[in-house]
Amino acid sequence: MARSPVAIINRAPAYLAGVLVLVLTLGTLIAVAIRAEVCAGLSAADWAAIQFTISQALGSALVSVALAIPVARALARRSFWGRGALITLLGAPFILPVIVAVLGLLAVFGRSGILNDAFGAIGLPDVSIYGFHGVVLAHVFFNLPLATRFLLQGWLAIPAERFRLAASLNAPVGRLLEWPMLRAVVPGTFLVIFLICLTSFAVALTLGGGPKATTVELAIFQAIRFDFDLGRAALLACVQFVICAIAAVVAWKVTAVDGFGAGLDRVVQRWDGSKVWDFTWITAAALFLIIPLSMVVIKGIPGLFDLPPSVFGAALRSIGVALVSAILCVGMALALALHGGRMVAIIGVLPLAASGLVVGTGSFLIVFPFVRPSDLALPVTALVNATLALPFALRSLSPAVDAVISDYGRLADQLGLTGWTRLRLLILPRILRPMGFALGLAAALSMGDLGVIALFADQSGATLPLAMYRLMGAYQLEAAAGAGLLLVALSLLLFWICDRGGRVNADV
Amino acid sequence: MLTFDAVTLSQGTFQLTADFQLQADITAVIGPSGGGKSTLLAGIAGFFEPSKGRVLWDNQVLTGTPPAKRPVNMLFQDNNLFPHLTIQQNVGLGLRPDLRLTQDQKQMVADTLDHVGLTDLGVRKPAALSGGQQSRAALARVLVSQRPLVLLDEPFAALGPAMKDDMLRLVRETLVQAGKSVVIVTHDPDDARRFADQVILVADGVAHAPVSSDEIFANPPPALRAYLG
Amino acid sequence: MLKTTYLTAVTGLCVATVATAEVPKLTVLTYDSFTTEWGPGPAIEAAFEETCACDLEFVGAGDGAALLARLQLEGLRTEADIVLGLDTNLTAAARETGLFAPHGVEAELTLPLGWTDTEFLPYDWSYFAFVGNEGAEAPTSLQALADSDIKIVIQDPRSSTPGLGLLLWVKDVYGDDAPQFWADLADNIITVTPGWSEAYGLFIDGEADAVLSYTTSPAYHLIAEDDASKVAWAFDDGHYMQVEVAGKVAGTNVPEIADQFLAFMVSDGFQSIIPTTNWMYPAATPADGLPDGFDTLVVPELSLLKSPEDALAIRDQALAEWREALSQ
Numbered sequence: 092m093a094r095s096p097v098a099i100i101n102r103a104p105a106y107l108a109g110v111l112v113l114v115l116t117l118g119t120l121i122a123v124a125i126r127a128e129v130c131a132g133l134s135a136a137d138w139a140a141i142q143f144t145i146s147q148a149l150g151s152a153l154v155s156v157a158l159a160i161p162v163a164r165a166l167a168r169r170s171f172w173g174r175g176a177l178i179t180l181l182g183a184p185f186i187l188p189v190i191v192a193v194l195g196l197l198a199v200f201g202r203s204g205i206l207n208d209a210f211g212a213i214g215l216p217d218v219s220i221y222g223f224h225g226v227v228l229a230h231v232f233f234n235l236p237l238a239t240r241f242l243l244q245g246w247l248a249i250p251a252e253r254f255r256l257a258a259s260l261n262a263p264v265g266r267l268l269e270w271p272m273l274r275a276v277v278p279g280t281f282l283v284i285f286l287i288c289l290t291s292f293a294v295a296l297t298l299g300g301g302p303k304a305t306t307v308e309l310a311i312f313q314a315i316r317f318d319f320d321l322g323r324a325a326l327l328a329c330v331q332f333v334i335c336a337i338a339a340v341v342a343w344k345v346t347a348v349d350g351f352g353a354g355l356d357r358v359v360q361r362w363d364g365s366k367v368w369d370f371t372w373i374t375a376a377a378l379f380l381i382i383p384l385s386m387v388v389i390k391g392i393p394g395l396f397d398l399p400p401s402v403f404g405a406a407l408r409s410i411g412v413a414l415v416s417a418i419l420c421v422g423m424a425l426a427l428a429l430h431g432g433r434m435v436a437i438i439g440v441l442p443l444a445a446s447g448l449v450v451g452t453g454s455f456l457i458v459f460p461f462v463r464p465s466d467l468a469l470p471v472t473a474l475v476n477a478t479l480a481l482p483f484a485l486r487s488l489s490p491a492v493d494a495v496i497s498d499y500g501r502l503a504d505q506l507g508l509t510g511w512t513r514l515r516l517l518i519l520p521r522i523l524r525p526m527g528f529a530l531g532l533a534a535a536l537s538m539g540d541l542g543v544i545a546l547f548a549d550q551s552g553a554t555l556p557l558a559m560y561r562l563m564g565a566y567q568l569e570a571a572a573g574a575g576l577l578l579v580a581l582s583l584l585l586f587w588i589c590d591r592g593g594r595v596n597a598d599v
Numbered sequence: 542m543l544t545f546d547a548v549t550l551s552q553g554t555f556q557l558t559a560d561f562q563l564q565a566d567i568t569a570v571i572g573p574s575g576g577g578k579s580t581l582l583a584g585i586a587g588f589f590e591p592s593k594g595r596v597l598w599d600n601q602v603l604t605g606t607p608p609a610k611r612p613v614n615m616l617f618q619d620n621n622l623f624p625h626l627t628i629q630q631n632v633g634l635g636l637r638p639d640l641r642l643t644q645d646q647k648q649m650v651a652d653t654l655d656h657v658g659l660t661d662l663g664v665r666k667p668a669a670l671s672g673g674q675q676s677r678a679a680l681a682r683v684l685v686s687q688r689p690l691v692l693l694d695e696p697f698a699a700l701g702p703a704m705k706d707d708m709l710r711l712v713r714e715t716l717v718q719a720g721k722s723v724v725i726v727t728h729d730p731d732d733a734r735r736f737a738d739q740v741i742l743v744a745d746g747v748a749h750a751p752v753s754s755d756e757i758f759a760n761p762p763p764a765l766r767a768y769l770g
Numbered sequence: 038m039l040k041t042t043y044l045t046a047v048t049g050l051c052v053a054t055v056a057t058a059e060v061p062k063l064t065v066l067t068y069d070s071f072t073t074e075w076g077p078g079p080a081i082e083a084a085f086e087e088t089c090a091c092d093l094e095f096v097g098a099g100d101g102a103a104l105l106a107r108l109q110l111e112g113l114r115t116e117a118d119i120v121l122g123l124d125t126n127l128t129a130a131a132r133e134t135g136l137f138a139p140h141g142v143e144a145e146l147t148l149p150l151g152w153t154d155t156e157f158l159p160y161d162w163s164y165f166a167f168v169g170n171e172g173a174e175a176p177t178s179l180q181a182l183a184d185s186d187i188k189i190v191i192q193d194p195r196s197s198t199p200g201l202g203l204l205l206w207v208k209d210v211y212g213d214d215a216p217q218f219w220a221d222l223a224d225n226i227i228t229v230t231p232g233w234s235e236a237y238g239l240f241i242d243g244e245a246d247a248v249l250s251y252t253t254s255p256a257y258h259l260i261a262e263d264d265a266s267k268v269a270w271a272f273d274d275g276h277y278m279q280v281e282v283a284g285k286v287a288g289t290n291v292p293e294i295a296d297q298f299l300a301f302m303v304s305d306g307f308q309s310i311i312p313t314t315n316w317m318y319p320a321a322t323p324a325d326g327l328p329d330g331f332d333t334l335v336v337p338e339l340s341l342l343k344s345p346e347d348a349l350a351i352r353d354q355a356l357a358e359w360r361e362a363l364s365q
C-alpha cells in the first residue's frame with residue numbers, strides 16, 4: 092500500500108527529542124566509558140549484585156501487579172464517594188522522594204512503628220521489615236499505585252456494551268473480557284515496574300538490611316565514588332541496559348503495548364463480583380498507601396514552622412525546574428508520539444534503564460570542558476528529569492495521539508491541516524487530558540528527583556530535595572521532615588493542577 | 542472530467558481496476574460491501590496511490606499530489622467535524638486550514654450556514670447539534686471550498702430515510718448548483734436511482750465504466766443483478 | 038518613577054559587577070553540609086573576606102567521597118583553588134591525582150596525634166563512636182556491643198565516610214580477626230544506610246538503639262537543642278579518628294590568597310567557628326577554649342588512625358571481609 096507522499100508533520104522535533112534521549116542515556120554512558128583507563132571486568136560481588144537486583148525487581152514487579160489486579164478491578168466496578176480523590180492520592184507514593192517514603196514506611200512497619208507497637212500490645216513478637224521482603228514491600232508501596240492506574244485504564248477501555256452483553260448471556264466476564272485485557276496490559280505494566288525497581292539503590296540498601304542487598308546501581312555508585320573506576324561503572328551500566336533490553340523483548344513478545352492516562356472517572360456498571368471483597372481490597376490498598384503517607388504529614392508538620400528561608404528559595408527553584416522539565420518532557424513525548432514506530436518505543440523505555448549516577452557523571456563530563464557545571468545545574472537538571480519522566484509521558488500520550496490520527500487523520504489530510512496548524516487545531520485540543528496527566532506526572536517526578544543536581548549544584552542552586560538532604564546532614568531532622576512534607580505537598584499540588592487543567596477544557 | 546487511465550489500486554491481496562472517464566453532476570457508486578467502493582474514492586482523494594496507471598482531473602495528473610492539493614473534497618462515514626471546534630470554525634477550515642479568516646471569508650461562512658439551514662448555529666460545537674444538522678455543517682464546509690470534485694463516502698448512512706432524502710436533495714441544490722461534480726457511495730440502489738445521473742458498479746475487483754442510472758436499472762448487467770438479488 | 042528606579046537598579050548592578058570583578062576570587066570546593074546556613078561556611082566566608090580583600094566562594098559537592106570523585110572527574114581543569122573536606126582515608130587517593138601543592142603552613146595543632154603531612158592540613162577532627170540514648174545499656178567495647186542484643190544502624194563503607202571509618206576502626210582493632218567480629222556484630226545491625234543522614238534519621242526516629250556517628254554528636258543536641266539525652270559510648274579498644282583536611286590545588290591562579298586561606302584556616306578566626314557549626318573538634322584549639330558543653334563529651338583513652346597510605350592499602354580487603362561476613 093502506498094501511503095500519501097507528504098510529510099504531514101515536521102519530523103525534526105522527533106529526531107531532536109530522540110537524539111537528546113540517546114545522548115543522555117547512551118551518550119553519557121559512552122562519556123564515562125571513554126574516561127575509563129582499564130576495565131577489569133565484573134567481580135564475584137558484581138555478579139551477586141546483578142543476581143540480587145534482578146530477583147528483587149522481579150519480586151517487586153510480581154507482587155505489585157498481582158495486588159494491583161484485584162484493586163484495579165474493584166475500583167473499575169465500584170463507585171463511591173471520594174473515589175476520584177482516592178485515585179489522585181494513589182499517585183502520591185510514586186512521586187515521593189525515596190528517603191521521605193522510607194521514613195514514612197518505617198513509621199508504620201519499622202521496629203518502633205505502629206505495626207510492631209500494636210503487635211507488642213497484644214503480646215505478639217516483633218516483625219522485622221529489613222531484608223528481601225522489606226525491599227519488596229517498599230517497592231510495592233511505590234509501584235502498586237502505578238500498576239493500579241495502568242490496569243484500571245485497561246478495565247475502563249473495555250466498552251460497557253460488552254459487559255451488558257456478557258451479563259445478558261450470563262457469560263463469564265473474567266474469561267471472556269478481563270483475561271484478554273489483562274494479557275494485553277499486564278506484560279507492559281510488569282516491564283515498567285521491573286525497570287523502575289532495576290535501578291533502585293537507596294531503598295534496596297536501607298531496607299535490605301545490609302550488603303547482601305547490593306544492587307547494580309549501588310555497585311555503580313561504589314565504582315565511581317569509592318574506587319573511581321569509571322570502566323567498571325560503564326560496564327555495570329551496560330549490564331543494566333542489557334537486562335532492560337532482555338526484559339523489554341520478553342514483554343513485547345507477550346503483549347501489545349497499551350496506554351494509560353485518560354479518564355478514570357467513569358465507572359462501568361457491572362453485574363458480577365462481590366461487593367464485600369471489592370471494598371476489602373480497596374480499603375486494604377488505601378490503608379497500605381495512606382497510613383505511611385499520613386506519617387509523613389504528621390512528622391512533617393512541626394518542622395514546617397521553623398523552615399529556614401533558604402528552603403523556600405529552593406522550593407521556588409524546584410517548582411521552576413519542575414515546570415520547565417514537565418514542558419520539555421511533554422514536548423519531547425509529543426514529538427516522538429507524532430512520529431511513532433518501533434524506534435520511538437525503544438527510545439521510550441531507554442531512560443528507565445539508565446543509571447541516574449551514570450547520567451549525572453556523564454553529563455558532568457560532557458558539560459565540564461565548556462562551562463562551569465554549577466552554571467548549568469538547573470538547566471541540566473530540568474533536561475535530565477524531563478528525559479527520565481519521558482517513558483511515562485510517552486505511554487500516556489502515544490495512544491491518545493494514535494487515536495486522534497486514526498479518527499481524524501484523513502479529514503485533516505483532506506483539509507490541508509499540516510505542521511503547526513495541525514498541532515494547534517487538531518492534535519493538542521484532542522489530547523488535553525492525557526497531556527495534563529503527563530505534565531503533572533513529569534512535574535511531580537522532577538520535584539522529587541535528587542539525581543543529577545547533587546553533582547552540579549553549588550549552594551545557591553539547591554533544589555528542594557537537595558535542601559532537604561542538606562538539612563538532614565546538618566542534624567536539622569525536624570526541619571528536614573518539614574521540608575519533606577512541603578515537597579510532597581508541592582508535588583501533589585503540581586500534579587493535581589496539571590491533571591485537572593487537562594480535564595476542565597477537554598471536549599468529548 | 543475525471544479520468545482513470547488503466548488504474549490498479551492494490552491493498553494487500555485485494556485489487557481494484559478502473560479504466561474510464563467520468564463526467565456527470567452526481568455519480569453513484571454502488572456494489573457489494575467489501576467490493577472496493579471506498580477504495581475507489583480513497584484512490585481519487587489521494588489516500589491511496591495506484592500501483593499501476595494514472596488518475597487525472599481535466600488532463601492534469603493527480604498521482605503524487607497530496608490529498609489537500611487535489612481538486613477534491615471528501616466526506617467520510619463519520620468524524621466529518623472536529624468535535625472541539627465550533628461549527629463556524631469547522632466550516633472555515635474549508636477556506637483556510639489555519640483559520641485566519643478575513644472579514645469577507647467570515648461573512649461567507651455565515652452565508653453558507655444560512656444556505657444549508659444552520660442560521661445562528663455557528664457558535665455551537667458539533668455535539669450540540671442533531672445528526673442531520675451535523676451533516677449540513679459538513680456540507681457547508683465542502684460548499685465554501687473552491688474544489689470542484691466532491692466525494693461522499695456514505696456520510697448520511699446513519700440518518701433516517703426522510704432525513705437522508707433531505708440531505709441528498711440539499712446536495713443537488715447546493716453542490717451541483719455551485720457547479721461541483723459529486724461522487725457518492727451508497728448501499729441503497731433506490732438512492733442511486735432517484736438522485737444520481739450516472740452509476741458506477743464496483744464488484745469483483747472491477748470498477749465498471751459509468752452508465753446512466755435510468756439505463757442501468759432498466760436493464761441491469763449480471764453483476765448488478767446478482768447484487769440486487 | 039518606575040523608570041528611574043529601574044535605571045538605578047541597573048546602575049547599581051553594573052557597579053556591583055565591576056566591584057566583584059576587581060577583587061580576585063578564591064573557589065573552595067567542599068562538601069554540602071559545610072556550606073549550609075547551619076554549617077561553618079557563611080561565618081567563615083564573612084570572616085575571611087574581612088581580611089583578604091577577595092571573594093570567597095564555596096562550591097558544595099555532595100559528601101567527602103563525592104568531593105574526591107568530583108576532583109578526579111575535573112582533573113587538571115578544575116576551577117577549585119582549595120579542596121576542603123577530605124579525610125585521611127581519602128587523602129592517599131587525592132595525593133595520587135598529583136593535583137595538590139604543599140600547604141607550607143607551620144601551625145600549633147592540637148590533634149591527639151602528631152601531624153606531618155605536607156600537602157594536606159587538618160581543620161577539624163573527631164572520633165567515630167556509637168551514639169545511643171542516655172540511661173540505656175552502654176557497651177564498653179566493640180566486642181561487648183557485638184555480644185549484646187543492642188540494635189544499631191551503620192553506614193555503607195562504599196558510599197559513606199563514617200562507614201569507611203568503622204571499617205578501618207574494626208580492622209585496626211581486630212586485624213585478621215575482623216571477619217569474625219563482623220560475623221558477631223551482624224545480628225546487631227538492623228540495617229546499613231547509604232549515608233550518615235539516613236542512619237542518623239533512623240536513630241532519632243527510634244528505629245535503632247544506637248547509630249554510628251561521632252563522639253561530638255551529643256554536643257549538637259546539648260548545645261543547640263538543650264537535650265542531654267544522647268550520649269556517645271566510650272570503648273576500651275580506642276576510637277578511630279576522622280581528621281578532616283584541606284589542600285591547595287597546584288594549578289590555582291590565586292596562590293597567595295590560597296596560602297592566606299590555609300593560614301587563616303588554622304587560626305582562631307576559623308577554628309572558633311567549627312565546634313558549634315560542624316560539631317567537630319577544632320584542629321587548633323582557639324585561645325578561648327572550647328564552647329560550654331564540649332567538656333561533657335566522652336574522650337577516648339586511645340586514639341586510632343591509620344596513615345592515609347595504609348588506609349588505602351587495606352580498604353579493599355577490609356571491604357571484602359565486611360561484605361562477606363554481612364552477606365551471610
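If you read the protein sequences in the order shown, they are chains A, B and C.
Each step along the first sequence adds one to the number in the working numbering, with nothing skipped, and position 258 is 349.
Each step along the second sequence adds one to the number in the working numbering, with nothing skipped, and position 108 is 649.
Each step along the third sequence adds one to the number in the working numbering, with nothing skipped, and position 70 is 107.
All C-beta atoms, glycine included, are put in the ideal place defined by N, C-alpha and C.
Please read all numbers here as calculations on a predicted model, not as lab measurements.
For the stretch 676-742 of chain B, the full-length alpha helix (DSSP H) segments reaching 4 residues or more read 702-711, 730-736 along the chain. For L634/B, at least one C-beta of chain A is nearer than 8 angstroms to its own C-beta. The beta carbon of D397/A sits closer than 8 angstroms to those of E569, A570, G573, all from its chain and outside the five residues before and after it, given in chain order.
For Y106/A, the enclosing alpha helix (DSSP H) starts and ends at 103-113. E308/A: member of the alpha helix (DSSP H) spanning 307-312, first to last residue.
Of the residues R114/C, R132/C, P79/C, E87/C, the one whose Cα lies closest to the Cα of L349/C is R132/C.
DSSP, read as helix, strand or coil, puts R274/A in helix. For secondary structure counted as the alpha helix (DSSP H) over 4 or more consecutive residues, the stretch 603-689 of chain B holds these complete runs in sequence order: 628-633, 644-656, 672-685.
Our two residues, Q192/C and A256/C, have alpha carbons roughly 21 angstroms apart in a direct line. The Cβ of P638/B sits closer than 8 angstroms to at least one Cβ of chain A. At a cut-off of 8 angstroms between beta-carbon atoms, L517/A makes contact with chain B.
Of A223/C, W162/C, S250/C, A173/C, the smallest CA-CA separation from P319/C is found for W162/C.
In this structure the stretch 121-137 of chain C lies against the stretch 150-170 of chain C, because at least three pairs of beta carbons, one per stretch, are closer than 8 angstroms. Taking 9 angstroms as the upper bound on Cβ-Cβ separation, chain B lies near residues T509, W511, T512, R513, R515, L516, L517, P520, R521, L523 of the stretch 509-539 of chain A. For K267/C, the closest Cβ of chain A is not nearer than 8 angstroms. In its chain, beyond the 5 residues on either side, V193 have a beta carbon closer than 6 angstroms to the beta carbon of T297/A. Here M708/B really is in contact with S676/B; their C-beta atoms are around 5 angstroms apart, less than 8 angstroms.
Here the C-alpha atom of A293/A lies approximately 27 angstroms from the C-alpha atom of A269/C. Note that the C-beta distance between F697/B and R713/B is not below 8 angstroms.
Looking at the backbone, the Cα of P689/B and that of K721/B are separated by about 5 angstroms.
Annotated as proximal: P302/A and S364/C, with beta-carbon spacing under 8 angstroms.
From the listed residues W138/A, V199/A, L120/A, T116/A, the smallest Cα separation to V387/A is found for V199/A. Excluding five sequence positions before and after D137/A, the CB atoms of its chain that fall closer than 7 angstroms to its own CB belong to A310, L327, given in chain order. Q618/B and R611/B have their C-alpha atoms roughly 20 angstroms apart.
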